[in-house]
Amino acid sequence: MALLRDSSQQEELKAQYDRLWIDFQHMEDRKVEVAMWVE
């Protein structure tokens with residue numbers, strides 16, 4: 186993939202992915218909290 190040969194672009198993609206992953210983890214944590222609170 187041509188994009189990934191450019192290391193600065195690769196770093197940017199990785200940073201975006203990391204942010205998305207962190208957001209996803211927070212959402213999962215909140216879902217667990219809500220499920221526990223509802224029971």
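Residue numbers (my numbering): 186 to 224.
Glycine included, C-beta positions come from ideal geometry on N, C-alpha and C.
Since the model is a prediction, treat every value here as computed from it, not as a measurement.
Where the alpha helix (DSSP H) containing residue i begins and where it ends
i	result
Glu197	Ser192 to Val223
Alpha carbon of residue i to alpha carbon of residue j, nearest angstrom
i	j	result
Glu230	His211	With the chain covering only 186 through 224, there is no way to say anything about residue 230.
Gln194	Tyr202	12 Å
Glu197	Ile207	15 Å
Val223	Ala200	35 Å
Arg204	Glu213	14 Å
Arg215	Ser192	35 Å
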